[in-house]
Amino acid sequence: MDAVKFGSSIAMKIMAFQGEISAVATALLAAYASYASIQRWRTATFLHIVNVSLNFLEPDPKNEGQEMLFFRTLLERPLPDVVLSKQGQSVLSKCAESTASGQPLLPLTESDAGRLKILTINQLSSLFATGWLNKALGLPVVVRTFVFAWCNEVDPRKTMRMTKLRLMLVEVEALRRVREMALQGQRAAPEFPQAELRFDTMVSIAAAHFQDPKLMGGFRLEPYWAPTVDFALPQT
Numbered sequence: 078m079d080a081v082k083f084g085s086s087i088a089m090k091i092m093a094f095q096g097e098i099s100a101v102a103t104a105l106l107a108a109y110a111s112y113a114s115i116q117r118w119r120t121a122t123f124l125h126i127v128n129v130s131l132n133f134l135e136p137d138p139k140n141e142g143q144e145m146l147f148f149r150t151l152l153e154r155p156l157p158d159v160v161l162s163k164q165g166q167s168v169l170s171k172c173a174e175s176t177a178s179g180q181p182l183l184p185l186t187e188s189d190a191g192r193l194k195i196l197t198i199n200q201l202s203s204l205f206a207t208g209w210l211n212k213a214l215g216l217p218v219v220v221r222t223f224v225f226a227w228c229n230e231v232d233p234r235k236t237m238r239m240t241k242l243r244l245m246l247v248e249v250e251a252l253r254r255v256r257e258m259a260l261q262g263q264r265a266a267p268e269f270p271q272a273e274l275r276f277d278t279m280v281s282i283a284a285a286h287f288q289d290p291k292l293m294g295g296f297r298l299e300p301y302w303a304p305t306v307d308f309a310l311p312q313t
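Just so we're aligned, residue 78 is where the sequence shown starts under this note's numbering, counting upward by one.
Right, here's the structure in full:
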C-alpha cells in the first residue's frame, strides 16, 4: 500500500513538473514572439506585407518649373493574399533579402520573373476590372501602359519608416521622364521628405526597363525585373 502511495505521489510530482515546464515554455515562446514583433517594429521590417503603390510626377507646387514625385497606395495586403503560390511567396521572400542599397529591385531569375509576371498581372488587373469591362462593352476608355517592379528598398540612412515588400507601378512616359531627369543630374523632390529614397528607386526601375547602363550604378539590372502591363480606365 505504501508503495502504491509512493508511486502515486511520484506520478503527481512528475505531472506537476511537466506542467511547470509547459508553462515556462509557453511564457518563453510568448516572450520571443513579443521580442520578434518589437524588433520588426524597431527595424521597420514587414516583408510579409505587400504594398502596391502608384508613382507619378506632377508640377512641384512650391517650386515653379520643377516636378515632384507623388505616390499613393493602391493596395496593402499580406503576401499570401497577393501571391497565392507558396513557391512564389518563397521566391519573393528570399529575393527580398538579396537587395542592397542602390539596388532595390528583387533579383529574380528569368523563369521566376516570368511566372510572377503572370501572377502579378492577374492581381493588378482586378484593380482595373471596370475599365476592361467598359472596353469589352464598347464604352470609351483610356488605356495606358505601366511598368511594374517588385522592390525591397534598403536605406542606410533609415529615413523611411517602413520597409515592406513593394510592388511599384509607374506609367511608361513618367518613367521615361525620370530617366531623362537622372541623366541630366536632376531629381524630383518627393511629396514627403522622409521618402527621398523613392526617386532613386524609380531611377533603378527606369534603368532596368530601358536597359540604360548609365543609370545602373554598377549593378546588373535585368529587363524582366521591370515588365509592363496595360490598364484600361473609364473615360469620363
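For every residue, glycine included, the Cβ atom is placed at its ideal position computed from N, Cα and C.
Status (buried if at least 16 other CB within 10 Å, exposed otherwise) for residue i
i	result
residue 308	buried
residue 180	buried
residue 219	exposed
residue 312	exposed
residue 154	exposed
residue 317	No statement about residue 317 is possible, as the shown extent of the chain runs from 78 to 313 and does not include it.
residue 213	exposed
residue 234	exposed
residue 163	exposed
residue 250	exposed
residue 206	exposed
residue 292	buried
residue 210	exposed
residue 208	buried
residue 187	exposed
residue 276	buried
residue 165	buried
residue 230	buried
residue 216	exposed
residue 260	exposed
residue 112	Low confidence applies to residue 112: its pLDDT is 45, below 50, so where it sits in the model is not reliable, and the reading given next is rough at best. Under this definition residue 112 is an exposed residue.
Extent of the continuous beta strand (DSSP E) run through residue i
i	result
residue 227	218-228
Alpha helix (DSSP H) segment containing residue i, residue limits
i	result
residue 147	Segment 144-155 is the beta strand (DSSP E) holding residue 147; no alpha helix (DSSP H) there.
residue 310	Unbroken run through residue 310 is the beta strand (DSSP E), 305-311; no alpha helix (DSSP H).
residue 209	206-213
residue 259	249-260
residue 165	163-173
residue 274	274-287
Cross-strand partners of residue i (DSSP beta bridge)
i	result
residue 133	147
residue 266	145
residue 126	155
residue 244	129, 227
residue 180	177
Supposed contact pair residue j and residue i - C-beta distance, whole angstroms, cut 8 angstroms
i	j	result
residue 245	residue 140	That belief does not hold up - the Cβ atoms of residue 245 and residue 140 are roughly 24 angstroms apart, past 8 angstroms.
residue 195	residue 306	The Cβ separation is near 11 angstroms, so there is no contact.
residue 184	residue 175	5 angstroms
residue 70	residue 226	Nothing can be reported for residue 70: it is not among the residues displayed for the chain, which extend from 78 to 313.
residue 265	residue 134	6 angstroms
Distance cut-off 6 angstroms: residue i Cβ against heavy atoms of the ligand GTP
i	result
residue 214	As far as ligands go, the structure on display features none, and thus does not contain the ligand GTP.
For this session: Check whether the stretch 169-186 touches the stretch 286-301, counting contact only when three or more Cβ pairs, one atom from each stretch, lie closer than 8 angstroms.
Result: A contact exists between the stretch 169-186 and the stretch 286-301.
Problem set entry | Segment contact, 8 angstroms Cβ cut-off, at least three pairs: the stretch 221-235 with the stretch 141-148 | Segments in contact, no.
Exercise. Counting Cβ pairs, one atom from each stretch, are 3 or more of them under 8 angstroms apart for the stretch 122-132 and the stretch 155-174?
Worked result: Taking a cut-off of 8 angstroms on C-beta distances, the stretch 122-132 touches the stretch 155-174, as three or more cross pairs fall below it.
Exercise. Does the count of Cβ pairs from the stretch 251-268 and the stretch 280-294 closer than 8 angstroms reach three?
Worked result: Because the criterion of three Cβ pairs below 8 angstroms is met, the stretch 251-268 and the stretch 280-294 touch.
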